[in-house]
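Asks:
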Amino acid sequence: MLKLYDYTAAPSPRRARMCLAEKSIKYENIQIDLRSKEQLSDAFRVINPRCTVPVLVTPDGDIFTENAGIAAYLESVYPDPSLLGTDAINRARIAEWNWRCEFEGLAAVAEALRNSSPHMKDRAMTGTHNVAQIPELAQRGRTRIRWFLDALNTQLEQNSYVAGEAYSIADITATVTVDFAAWVKILPKDADSALKAWHERMTQRPNYQA
Numbered sequence: 026m027l028k029l030y031d032y033t034a035a036p037s038p039r040r041a042r043m044c045l046a047e048k049s050i051k052y053e054n055i056q057i058d059l060r061s062k063e064q065l066s067d068a069f070r071v072i073n074p075r076c077t078v079p080v081l082v083t084p085d086g087d088i089f090t091e092n093a094g095i096a097a098y099l100e101s102v103y104p105d106p107s108l109l110g111t112d113a114i115n116r117a118r119i120a121e122w123n124w125r126c127e128f129e130g131l132a133a134v135a136e137a138l139r140n141s142s143p144h145m146k147d148r149a150m151t152g153t154h155n156v157a158q159i160p161e162l163a164q165r166g167r168t169r170i171r172w173f174l175d176a177l178n179t180q181l182e183q184n185s186y187v188a189g190e191a192y193s194i195a196d197i198t199a200t201v202t203v204d205f206a207a208w209v210k211i212l213p214k215d216a217d218s219a220l221k222a223w224h225e226r227m228t229q230r231p232n233y234q235a
């Protein structure tokens, strides 16, 4: 059986859980307590020397420590329903928008949160190294979040889903991003009607609770 090293409250492993849930895949969930810095323990370093979650371990013992790798593996072994696209154009659109959601959206929220939260003092970046907070980056992150939400609303004014007319991994990353942005008190604006309507539909999907 697949194993997922996870921390329920964190956004990154939630993306993996939502992929697994969308494909109705059974797996063993192993919690790593980030609050107590269990990810930095010697025992967990054996599993993932980069000290991050999620980590997916296959029945054959292969280990994937990034959502991109996890999604690629799951799509290959469990192709239905497809989350990465079914033809060249569709796959490219999904990859493009998933990248934007991750780097323009999720990374911006992480920048804002990790450089402002007292609980993340000296942990401004994930991984093995202690990194000091830079308050100016927190403000920059908040600005970037708003830019991203505006761009996402524009995209959803023209498309039923983030990357077109079918649900995909881009919708999972965007859903997690919008929810994560609420942690720094940034919500879609009243004018973001397409974004708000899309997000309401996303909350009704079974995998939203994963």
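Counting from 26, one number per residue, gives the positions in the sequence shown under this note's numbering. Even for Gly, the Cβ is constructed at its ideal location relative to N, Cα and C.
1) What does a CB cutoff of less than 7 Å around A41 pick up in its chain, not counting 5 residues either side in sequence?
2) On the DSSP bridge assignment, give the partners of L27 in chain order.
3) Taking only runs of the beta strand (DSSP E) that begin and end inside the segment 57-106, which ones reach a length of at least 3 residues, in chain order?
4) Compare the Cα-Cα distances from A34 to each of L27, A46, D58 and report the closest residue.
5) Per DSSP, what kind of secondary structure is Y233 in: helix, strand or coil?
6) Measuring only the C-alpha atoms, how far is R60 from S107?
7) Below 8 Å on the Cβ atoms is my contact criterion, and I expect I170 with N140 to pass it. Report the Cβ-Cβ distance as a whole number of Å.
8) From R148 to V134, what distance separates their C-alpha atoms?
9) Less than 8 Å between the C-beta atoms of A77 and Q56, yes or no?
Replies: The short version:
1) Within the same chain, A41 has close Cβ partners L29, P79, L81, N92, I95.
2) Y52.
3) As far as the segment 57-106 is concerned, its whole beta strand (DSSP E) runs of at least 3 residues are 80-82.
4) Relative to A34, the option among L27, A46, D58 whose CA is nearest is D58.
5) It is helical.
6) Rounded to the nearest angstrom, the gap between the Cα atoms of R60 and S107 is 34 Å.
7) The C-beta separation of I170 from N140 comes to about 13 Å, leaving the pair out of contact by the 8 Å criterion.
8) Taken atom to atom, the span from the alpha-carbon of R148 to that of V134 is near 15 Å.
9) The amino acid at residue 77 is misidentified as Ala; the sequence shows Thr. Not closer than 8 Å, so no.
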